[in-house]
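Sequential numbering from 49 applies to the sequence shown in this note's numbering.
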Amino acid sequence: MLIGYVSDEKYLALCDVALEFVRGGESVEVRSRATGAVHADLPPGDYSVALQKPGFGPKRVELTVTEGMEPYHFRLLSDSLLGYIWPKWVRAGESAEFRLHSATRYKLELFRYGLKREFIRAVGWFDEH
49 MLIGYVSDEK YLALCDVALE FVRGGESVEV RSRATGAVHA DLPPGDYSVA
99 LQKPGFGPKR VELTVTEGME PYHFRLLSDS LLGYIWPKWV RAGESAEFRL
149 HSATRYKLEL FRYGLKREFI RAVGWFDEH
């Protein structure tokens with residue numbers, strides 16, 4: 049039975065991702081295929097799903113398996129630096145926040161871009177590990 053697909057943050061299929069489906073003390077382990085497809089013979093019910101692949105952050109998902117269900121889309125974040133400011137732009141006096149994912153510590157600095165790149169200030173070093 050097709051349970052779902054696994055992809056990275058860019059929606060590219062991930063193969064050989066380890067998935068463990070746990071329900072009532074029993075577990076079933078499967079791996080994703082070259083297309084990212086996840087196939088498993090699971091009876092209907094609620095499962096806790098753990099995903100793991102080297103180079104990506106681990107993930108846990110609660111999933112309800114039913115007959116004829118739509119394939120579930122599992123997404124993993126790579127350990128590379130990924131970030132953005134939200135919202136993408138603001139006016140004077142408004143605020144924005146930075147959202148980053150990193151497997152290692154990083155230094156965040158603020159620059160203004162226009163005719164030339166202008167350093168504003170160092171926000172600081174961050175390490176959540």
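All C-beta atoms in this analysis are idealised placements derived from N, C-alpha and C, irrespective of residue type, glycine included.
This one's a predicted model, so the numbers in the text were calculated from it and none came from an experiment.
Check                                                                                         : Outcome
Given L62 as reference, the closest of A88, P92 and F104 once Cα atoms are compared           : F104
Three-state secondary structure (DSSP) of T112                                                : strand
Any 3 or more C-beta pairs closer than 8 Å across the segment 120-132 and the segment 144-153 : yes
Residue from P106, S75 and R71 with nearest C-alpha to G93                                    : R71
Which listed residue (D64, L50 and A140) has its alpha carbon closest to that of Q100         : D64
In DSSP terms, what S150 is bridged to                                                        : Paired residue(s): none; S150 is not in a bridge.
Beta strand (DSSP E) segment containing Y120, residue limits                                  : Y120 to R123
Within 8 Å, strictly: CB atoms of V113 and L90                                                : yes
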